[in-house]
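In the UniProt record's numbering, the protein residues as written are 1 to 413.
Here it is as C-alpha cells:
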C-alpha cells in the first residue's frame, strides 16, 4: 500500500490503491442498525467537537435569503470561529460555538430552524439550477411542499438524521448523487413531464402529477420506519426489507416513465457566469476549503440576492442584473470568492482534521492548502480526510486522500 508523509506540498503521484474501499457516504457507525443514538448534529443538539460545539443548519435545497445569510455571518463572527462551513449536503455548519443558546435563538428568529421536532430530518437536496438554468421543470415549489408535509407528520420525526430526500429537475445531478428517495423529473413518452420515484438508486415507479411527488416520497419514508425502523439509510436494509419496501412502493406508483439505469450528470463545477432562463445572471463561486469567512458573507448578503449552497460546496448568487453581476465579481473576487471553474478549489475539499476534530490524525486543512498552493494539477475531484470516517465525502466519484499513522493514503472512491 502506498502512503505519503507530508512535508511541504503534498503530491498524489503513486499513492492510489483502487482496491482499498472508502466511505463515500461520510461518517458511519459500524452497526448496520440504529443501535446507537443519532449523533448527527443540529442546532438544538450540537456536536461536541474538539474545538467546541458544532451546529449544523439544514437549508431547504441549500437556499438562504440575504437576511438569513447576514444572520449566519453575525452568528459565526460573534459566537463561532468566524467561518460558515459548507457541507456535502448543501447545508452549513458553525464551529467552535461559545454560546449554544444564543446561536439557537438567532437562527430560529431568522427562520433558519422552522421545526424543533423535525430539525434533523429536514434533509432535502434540490437541483441547484432548478427554475433558473435549464431543467425540465422548477422543483422548488415541490421542495417547499415536501418540507411542509414532512414537518407536519409527527411520525416522521423518527427518521434517521442521515436519511436524504432529493428532487431532481432533470439535470440528473441529484438523482445520481446517493439520495435515499428522489423525485426525478422525466419526459414521458407522450411528451408530458412527470416524476420517476427513485429509491436507493433504483427506479421504483412514477407519478404523473407534480402535486403528488411530495406524498410519494414521504410514503417511502413512512415505509422505511415501518419495515426497518432501526435503519439509518436505504443502503442499510436487508435484501428482504428492501424487497418489501419496493413491493409497497410499486403498489402505489405507476410504471417508470423511463426504465433503465440512472443518468449520470456531467461533473462540471457550477462556477462562473451563467445566463438564467429569464435573461438575468447567476454567478457560481467557491471558497478555499469550503469555508466562507463571516466578513465575506456579510458583503455577499449586502448584494441582496438569493444565495444557494450546493452539494459540491459551491455558492450560487442568483437573479442578478448584468451590471450588478459585474460589480459582484469585481468586489468579491479580491475578498476570496472564486469565480474561476479552473481553480483547484472547485474540485478539492476536506474535512476539518486536527486539531478541530479529536479523531483527526493530521492537520488536513493545512496540508490541503499546501497541496493547492503547490500548483500541482488537479485532474479529478479530491477529498482529504483526517481519519477512516471520511466526514464530508462527496457522493460522486472522487479521489479520497486519508490521513493514517504513517502518512496519507489515496484511494479511488
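We put the beta carbon where it would ideally sit given N, CA and C, even for glycine.
Keep in mind that this is a model prediction, so the values were computed, not measured.
Bridge-paired residues (DSSP) for residue i
i           : result
residue 232 : Answer by DSSP bridge pairing: none, since residue 232 is not bridged.
residue 92  : 57, 86
residue 186 : 194
Residue burial classification, residue i (beta-carbon count within 10 angstroms, cutoff 16)
i           : result
residue 239 : exposed
residue 251 : exposed
residue 397 : exposed
residue 406 : exposed
residue 148 : exposed
residue 42  : buried
residue 256 : buried
residue 277 : exposed
residue 333 : exposed
residue 310 : buried
residue 187 : exposed
residue 223 : buried
residue 85  : buried
residue 109 : exposed
residue 143 : buried
residue 14  : Because the pLDDT at residue 14 is just 37, under 50, the model does not fix this residue reliably, and the point stays unresolved.
For residue i, the three-state DSSP class (helix, strand or coil)
i           : result
residue 25  : Residue confidence is low: residue 25 scores 37 on pLDDT, short of 50, so the model does not pin down where it sits. Its coordinate-derived value is still stated next. Residue 25 falls in the coil class under three-state DSSP.
residue 366 : helix
residue 322 : helix
residue 349 : strand
residue 196 : strand
residue 293 : strand
residue 68  : helix
residue 254 : strand
Member of the options whose CA lies at the smallest distance from the CA of residue i
i           : options            : result
residue 291 : 139, 338, 201      : 338
residue 168 : 177, 361, 160, 162 : 177
residue 359 : 389, 382, 374, 348 : 389
residue 265 : 241, 220, 171      : 171
residue 138 : 235, 345, 195, 164 : 195
residue 145 : 318, 98, 212       : 212
residue 382 : 370, 58, 410       : 410
residue 83  : 90, 91, 95, 89     : 95
residue 38  : 107, 120, 113      : 120
residue 368 : 395, 356, 352      : 352
residue 100 : 85, 143, 53, 399   : 53
residue 217 : 204, 227, 228      : 204
residue 478 : 97, 214, 102, 191  : Any question about residue 478 goes unanswered here, given that the chain covers just 1 to 413.
residue 140 : 308, 395, 320      : 308
residue 50  : 118, 97, 258       : 97
residue 300 : 284, 286, 210, 317 : 317
Closer than 7 Å: residue i CB and nearest the ligand NAP heavy atom
i          : result
residue 82 : The ligand NAP is not part of this structure, which contains no ligands at all.
Assess contact between the region 264-281 and the region 129-140, defined as three or more Cβ pairs (one per stretch) separated by less than 8 Å. Is contact present?
yes
Is it a yes or a no for the region 367-379 touching the region 54-71, going by three-plus beta-carbon pairs under 8 Å?
no
Inspect the CB distances between the region 148-161 and the region 294-309 and report whether three or more fall short of 8 Å.
no
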